[in-house]
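Those letters in the sequence shown? Residues 1 to 173, by the numbering used here. Think of the CB as a built atom: it goes at the ideal place given N, C-alpha and C, for glycine as much as any other residue. This report concerns only the one structure given below.
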Amino acid sequence: GVVWDPCAGYGGRLMGALASGVRYIGTDVEPETVAGNLALADALGKRDLVRVECVPAQEFDPGEVDLVFTSPPYFDRERYSENKAQSWKTFSTVETWVDGFLVPLLTTAFKRSPRLVLNIANLKTRKGLIDLVALTKEAAAKVGWVFVEELQMPLRQLNRSRPFEPVLVFERG
């Protein structure tokens with residue numbers, strides 16, 4: 001099988017894919033993150049199963065995959081760098097982030113995979129709650145995804161009111 005991780009991050013999903021014996025395709029806008037993931041694949045002796053591209057997720061087409069499994073940045077909450085390609089730099093409002101980042105990612109995923117598993121959480125701001133979970137479900141439904149279930153990914157309790165984050169599971173409709 002083949003897994004696409006549009007927001008590759010720091011290697012956790014890469015290691016999970018390799019431990020499962022599947023090919024991994026990842027994208028990230030940070031050259032250091034891409035290099036780190038490739039170095040991890042080399043260190044594990046699994047470089048032949050890994051492809052990581054330095055490109056915005058919303059602009060990449062992985063080809064046919066068996067699963068899209070990712071955790072996109074939570075709009076402007078996860079600011080990994082000042083790189084202008086970071087989605088929080090490119091899209092300054094939650095509405096433009098959903099339309100310009102999330103919907104294109106979900107659309108490509110829908111065209112290329114029968115399944116999507118996505119970790120995302122709501123944001124508490126001074127102005128109130130940004131319901132990224134509901135916005136993601138709505139955007140996914142517009143693209144054609146059918147919501148299957150919401151899992152709970154356990155987190156360490158450190159200063160958290162909820163010791164988990166939602167993991168949304170979708171299938172192609």
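Give the C-beta separation of Val52 and Gly26 to the nearest angstrom, bearing in mind that I take them to be a contact with Cβ-Cβ under 8 Å. Residue mapping note: residue 52 aligns to position 52 of the sequence shown, counting from 1. Residue mapping note: residue 26 aligns to position 26 of the sequence shown, counting from 1. With 8 Å as the limit, Val52 and Gly26 qualify as a contact, their Cβ atoms being about 4 Å apart.
For the structure I just gave you, are there three or more beta carbon pairs, one from the stretch 99 to 113 and one from the stretch 37 to 49, closer than 8 Å? Three or more Cβ pairs closer than 8 Å define a contact, and the stretch 99 to 113 falls short of that threshold against the stretch 37 to 49.
If you measure between the beta carbons of Trp4 and Val65, is that distance less than 8 Å? Mapped onto the sequence shown, residue 4 falls at position 4. Mapped onto the sequence shown, residue 65 falls at position 65. In this structure, Trp4 sits near Val65, with a CB-CB distance shorter than 8 Å.
Within the continuous beta strand (DSSP E) that includes Asn37, where are the two ends? On the sequence shown, position 37 is the one that residue 37 refers to. Counting along the chain, no beta strand (DSSP E) covers Asn37; the unbroken alpha helix (DSSP H) around it starts and ends at Pro31 to Ala43.
Taking its Cβ as the centre, do 16 or more other Cβ atoms sit within 10 Å of Arg79, making it buried, or is it exposed? Reading the sequence shown from its first residue, position 79 is the one you call residue 79. The predicted position of Arg79 is uncertain, since its pLDDT is 45 and thus under 50; no value can be drawn from it.
Buried versus exposed call for Ala184 [16 or more other C-beta atoms within 10 Å across all chains shown]: No information on residue 184 is available, as it lies outside the stretch 1 to 173 that the chain covers here.
Endpoints, the beta strand (DSSP E) within which Leu123 is located: Indexing the sequence shown from 1 puts residue 123 at position 123. Here the beta strand (DSSP E) through Leu123 covers Leu123 to Thr125.
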